[in-house]
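Residue numbers (numbering that gives the first Met the number 0): 0 to 428.
For every residue, glycine included, the Cβ atom is placed at its ideal position computed from N, Cα and C.
Just so it is clear, the structure is predicted and the values come from calculations on it, not from any experiment.
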Amino acid sequence: METEKKSKNFMSWYFDFNLLYRILIGMVLGAVLGLVFREKIYWIAPFGTLFVRLLKMIVMPIIISTLICGAASISPATVGKIGTRVVLIYLVTSAFAVCIGLLSGFIFQPQADLSGYALSTVAGKDVASMSVVDTFLNIVPTNVFQAVNDAQVLPVIFFSILFGLGVSYLMVSEDENLKKSGKTILNFFTGVSEVMTKMVTGIMQYAPIGVLSLIAVVFAKQGPKVAGSLGVVAAAAFSGYLLQIILVYIGMVKIFGLKPGKFWHEARNPFVTGLGTRSSYGTLPVTMKAADNLGVSKDIYSFSLPLGATINMDGTAIYQGVCATFIALTATGVGLTAGQMGTIVITATLISIGTAGIPGAGAIMLLMVLDSIGLQVEAGTAVAGAYAMILGIDAILDMGRTALNVTGDLASTTCVAKSLHEIDESKWD
Ligand code: ASP
């Protein structure tokens with residue numbers, strides 16, 4: 000008993016200190032340690048991996064349990080109404096994001112001198128429609144257990160919503176037995192979802208150490224590369240991220256009659272976790288907690304946040320705009336044409352639907368955006384050289400775009416909830 004009390008006191012300096020400040024200190028300390036000690040700090044990596052594993056461990060149970068509860072407690076018509084609004088706001092904010100990315104690229108004119116490479120000729124090309132069709136078809140799982148196993152979020156969302164709707168039908172059934180079964184299933188998943196929330200709170204206590212370690216490794220590997228032309232790319236991308244927060248998210252929250260200060264106060268946690276984990280899926284438990292603190296009804300966020308972590312990638316969209324500008328300027332010597340910009344807005348918006356919320360996914364999707372404007376990454380070409388340069392600092396760009404991706408999910412979710420009067424505004428006082 001005596002020892003227990005003592006050890007509690009021993010750690011209380013850590014637990015009593017505001018979590019967000021702890022995470023921020025971890026972040027700054029991580030960057031400094033990474034830049035100072037470089038490869039000598041690599042031993043710290045497992046501490047970050049542990050944090051990511053802890054978050055990933057609970058992602059699937061959270062998505063399944065909260066979605067089933069959400070869909071089971073609302074009518075199919077409401078799901079449709081919420082769904083349409085959420086998807087619409089996600090698409091519109093992503094389209095804005097690509098435009099901001101292109102604008103940022105236009106202002107910063109990021110470009111590198113790759114004189115050793117052959118310059119490319121650019122031809123206009125249509126949007127690759129096949130991949131879009133496949134993206135939609137893949138939403139329906141052929142084997143739901145496999146989908147859970149492979150952590151394919153969109154198919155799991157699809158199945159969980161249908162399952163939840165099935166439960167909601169059971170609960171209004173005339174047959175008392177069926178009604179009872181429906182309630183039992185709902186009670187079970189409500190319990191699971193509550194347990195998950197408790198687990199997130201516990202895991203977040205480890206976030207400062209996890210974030211410190213993740214960021215130390217990124218800066219140890221990439222640090223000095225963010226100089227010169229790549230520094231301009233990073234500056235353009237991060238200015239775009241900042242613009243999106245100020246113009247789109249804060250603007251949106253204001254338009255919907257909510258307080259931007261309170262929104263940002265709660266958004267900071269997922270923002271910083273996104274920076275550290277570089278994964279929207281990994282950050283999902285934290286984003287859900289923030290939505291809860293903002294008074295957003297669980298029916299809304301249990302559906303819109305997992306969906307957003309999969310289809311709403313505003314940071315990734317900005318990144319596509321900036322990188323396409325950099326690669327076009329570097330490889331062809333001339334900027335993007337108006338037609339190419341239009342193509343990028345459409346492709347990048349649609350492609351963000353198919354971008355997984357995992358580290359580095361956006362860099363792979365960039366290949367498709369480049370392809371849509373006739374810039375193929377082929378070995379030995381300047382396009383490939385410029386693309387490789389981007390990959391060199393991708394981890395740093397990914398930190399910012401993921402932080403923005405999750406903030407975008409939260410902002411859109413909050414505004415949709417407000418528009419449907421599904422928000423407890425007493426939490427905003
Ligand atoms: N890492 C990003 C995310 O999880 C996706 C990307 O690479 O753009 O949101």
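Is residue i near residue j, with beta carbons less than 9 Å apart?
i: L306; j: I156; result: yes
i: I317; j: A71; result: no
i: L396; j: A233; result: yes
i: V194; j: Y41; result: no
i: T141; j: K288; result: no
i: F188; j: V405; result: no
i: G181; j: V166; result: yes
i: I467; j: L32; result: Given that the chain is displayed from residue 0 to residue 428, the structure contains no residue 467 and the question cannot be resolved.
i: I61; j: S228; result: no
i: F262; j: L293; result: yes
i: N311; j: G407; result: yes
i: N186; j: I22; result: no
i: I202; j: L101; result: no
i: Q204; j: F14; result: yes
i: T282; j: T200; result: no
DSSP three-state call for residue i: helix, strand or coil?
i: I138; result: coil
i: V295; result: strand
i: T336; result: coil
i: T380; result: strand
i: I40; result: helix
i: I350; result: helix
i: I372; result: coil
i: I422; result: strand
i: L213; result: helix
i: P109; result: coil
i: P358; result: coil
i: V171; result: coil
i: G201; result: helix
i: D125; result: Low confidence applies here, because D125 scores a pLDDT of 40, under 50, leaving its location unreliable and the question unanswered by this model.
i: F255; result: coil
i: D15; result: coil
i: M312; result: coil
Which same chain residues end up closer than 7 Å to residue i when comparing Cβ atoms and leaving out the 5 residues on each side of it in sequence?
i: A416; result: V295, S296, I299 and I422
i: A94; result: V344 and T348
i: S301; result: T65, L66, C68 and G69
i: L49; result: G209
i: A385; result: A111, L113, F325, I326, T329 and A330
i: I184; result: V166
i: D393; result: G359 and A362
i: E38; result: A219
i: I350; result: M364, M367 and V368
i: L169; result: L177, K178, S180 and G181
Report all residues from its chain with a CB closer than 8 Å to the CB of residue i; omit the five preceding and five following residues, and keep chain order.
i: N360; result: According to the sequence displayed, residue 360 carries Ala and not Asn. Excluding residues within five positions, the ones whose Cβ falls inside 8 Å are T315 and T354.
i: S411; result: V85, I88, Y89, T92, M251, S303, G307 and N311
Please confirm whether any heavy atom of the ligand ASP lies closer than 8 Å to the CB of residue i.
i: V295; result: no
i: G359; result: yes
i: G356; result: yes
i: T401; result: yes
i: G273; result: yes
i: S278; result: yes
i: G320; result: no
i: M364; result: yes
i: N404; result: yes
i: A347; result: no
i: T315; result: yes
i: A308; result: yes
i: M432; result: No answer is possible for residue 432: the residues shown for the chain start at 0 and end at 428.
i: D397; result: yes
i: M59; result: no
i: M312; result: yes
Give me, in chain order, the residues of the same chain whose beta-carbon lies closer than 6 Å to that of residue i; leave out the 5 immediate sequence neighbours on both sides.
i: S103; result: A235, S238, G239 and V321
i: L211; result: G25, L28 and G29
i: L153; result: I138 and T309
i: V126; result: Summary for V126: the model assigns pLDDT 38, below 50, so the residue's position carries little reliability; its value from the coordinates is reported in the next sentence. I345, T346 and S371, listed in sequence order.
i: M129; result: Unreliable positioning characterises M129 in this predicted model, as indicated by a pLDDT of 43, which lies under 50. The coordinate reading is nonetheless provided below. Answer for M129: no residue qualifies.
i: P109; result: V231, V232, A235 and F325
Does any C-beta atom of chain D lie closer than 9 Å to the C-beta of residue i?
i: K197; result: Although the question refers to chain D, the structure presented lacks it and comprises just one protein chain.
Under the criterion of a Cβ to heavy atom distance below 8 Å, does residue i qualify as lining the ligand FAD?
i: M287; result: For the ligand FAD, the structure offers nothing, since it holds only the ligand ASP.
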